[in-house]
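The structure under discussion appears below in the form of structure tokens.
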Amino acid sequence: MRIDNGQGLDARKQPQQARSQATVDAIFDATIQVLLAEGLQRLTTIRVAERAGVSVGTLYQYFPQKQALLFAVLQRHLERIVRTMEDAAASVHNACLSTMVETVVSAFVKAKTEDLDEARALYAVALELDSRSYVRQVGARNRVALEAMLKTASDADFDDVGMTTFMLTGALLGPIRLLLEAKSPQSMMRKFRHQLESLCLGYLEREARPKRLAD
């Protein structure tokens, strides 16, 4: 059942103390474990509570329904990735294009493939919840970070940096989406980052014009 993430999927309350945060973290980790062991369709709040070592009542204090729990776990995953991208992009302001691409591609691929099974499970969750609105917000943050980075490139200018950023984002996301949707052989995984760097840098170099020197 596909559910709009704008309708009642917020957590019931936010943890305020370290003990409460530890409980929520245990619930999140248990949700991933159940997803991987049982699959999305067999995941229930009862199974998650049992795996986390808490009562169902405790789980409901934070998440009023299964979909709210799944959305919170998805948020945690995507927030980690977008913060990784923001930090990586900010770290290479004023660098050359090749350094920029190597840095952001490396950070992005590492964040998305550290645990491919988990990433695939949460990709299925995103489709189940119809979380397009939230995913668009995350995508917008990524584009802001990448555009700010490209504007500072030491060896290139772009006639339409907004459009260039849009296409660069698509070049990053498309291959990752294919990777999550298919069981890729390990030999492909070993080559993936290098190939993605070639794809992104080739595009940027084609669109770039020489950096205009200050008068």
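Residues are numbered in the numbering used here as their position in the sequence shown, beginning at 1, plus a constant of 34. Cβ coordinates follow ideal geometry from the N, Cα and C atoms, glycine included.
Cutting at 7 Å between CB atoms, please list the residues of its own chain near residue i, excluding the five before and the five after it.
| i | result |
| --- | --- |
| PHE192 | LEU184, THR198, GLU241, ALA242 |
| ALA129 | SER188 |
| MET134 | VAL126, MET183, ALA187 |
| GLU72 | ARG81 |
| LEU131 | ALA187, ASP189, ALA190, LEU235, LEU238, GLU239, ALA242 |
| VAL68 | LEU77, ARG81, VAL82, ARG85 |
| SER140 | ARG227 |
| GLU231 | VAL135, GLU136, VAL139 |
| GLN229 | none |
| MET201 | TYR237 |
| ARG177 | THR199, PHE200, THR203 |
So, for residue i: in the same chain, excluding its five sequence neighbours on each side, which residues have a beta-carbon less than 6 Å away from its beta-carbon?
| i | result |
| --- | --- |
| ALA182 | none |
| LEU233 | ALA205 |
| ALA158 | LEU74 |
| ASP249 | For ASP249, the predicted structure reports a pLDDT of 48, less than 50, and the residue's modelled location is therefore unreliable. A value from the coordinates is still provided. Closer than 6 Å at the Cβ level, and outside the excluded window around ASP249, lies no residue. |
| SER54 | none |
| ALA64 | VAL82, ARG85, ALA86 |
| LEU112 | VAL172 |
| THR118 | ALA141, ALA145 |
So with Cβ pairs under 9 Å, would you call residue i a contact of chain C?
| i | result |
| --- | --- |
| GLN95 | In the displayed structure, chain C is absent; only one protein chain is listed. |
Quick one: what's residue i bridged to in DSSP?
| i | result |
| --- | --- |
| ASP191 | ARG243 |
Need the endpoints of the alpha helix (DSSP H) that residue i sits in, please.
| i | result |
| --- | --- |
| ASN176 | 166-184 |
| GLU152 | 150-163 |
| ALA86 | 79-86 |
| ARG114 | 100-125 |
| LEU93 | 90-96 |
| LYS146 | 131-147 |
Nearer than 8 Å: is that true of the beta carbon of residue i relative to any heavy atom of the ligand HEM?
| i | result |
| --- | --- |
| LEU184 | Among the ligands in the structure shown, none appear at all, so the ligand HEM cannot be discussed. |
Ordered along the chain, which non-local residues of its own chain (more than five positions away) have a Cβ less than 8 Å from that of residue i?
| i | result |
| --- | --- |
| ARG114 | ALA145 |
| LYS245 | ALA187, SER188, ASP189, ALA190, ASP191 |
| THR92 | THR57, ALA83 |
| ALA251 | Past the boundaries of the shown model lies residue 251; the chain is included only from 35 to 249, so the question cannot be answered. |
| ASP151 | LEU70 |
Is the segment 80-93 close to the segment 142-153, with three or more CB pairs under 8 Å? The segment 80-93, when compared against the segment 142-153, does not touch it at the 8 Å Cβ threshold.
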